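Asker: Structure incoming, see below.
Numbering (my numbering), first residue to last: 108 to 246.
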């Protein structure tokens, strides 16, 4: 038995669970910040460089940018044929949101909330949504 495991077993015998729970702070001091993930903040950071007040029709492209979410395979079919075509049209202001990258970083629930926040910030007229895995909650 390792020393670390031995100390844990001794601590469990010496200190009952009630005492351990009472030692946890109920309120964190001002200099200690709890790290939380806010979908609003993620959506804001993603949309900072977007042209929000342009006269062009706003289009949000929601799909994977790399082929089957594998960067080694290059860019995806949808990215080349739909997003880049929309991006090159003068009458459209197309922006990309990759839900696969977002769900890999933050999880499915945060990714879904971030997508809804982006739609609220950007207010697109059209949304092109391409997926091959279920990474967004549709509820």
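Virtual Cβ for every residue (Gly too), placed ideally from N, Cα, C. Computed from a predicted model, the values in this text were never measured in an experiment.
Shortest alpha-carbon distance to residue 164 belongs to which of 209, 238, 194?
Answerer: Minimum Cα distance to residue 164 is reached at 194.
Asker: Our contact map puts residue 325 next to residue 159 with C-beta atoms below 8 Å; I'd like the distance itself, whole angstroms only.
Answerer: The requested residue 325 is not part of the displayed model; the chain covers only 108 to 246.
Asker: Quickly, what does DSSP pair residue 196 with across the bridge? List them, please.
Answerer: BP columns for residue 196 are empty, so no partner.
Asker: Where does residue 179 land, buried or exposed, given buried means 16+ other C-beta within 10 angstroms?
Answerer: Residue 179 comes out exposed.
Asker: Going by alpha carbons, who is nearest to residue 221 out of 238, 244, 239, 240?
Answerer: Nearest of 238, 244, 239, 240 to residue 221, Cα basis: 244.
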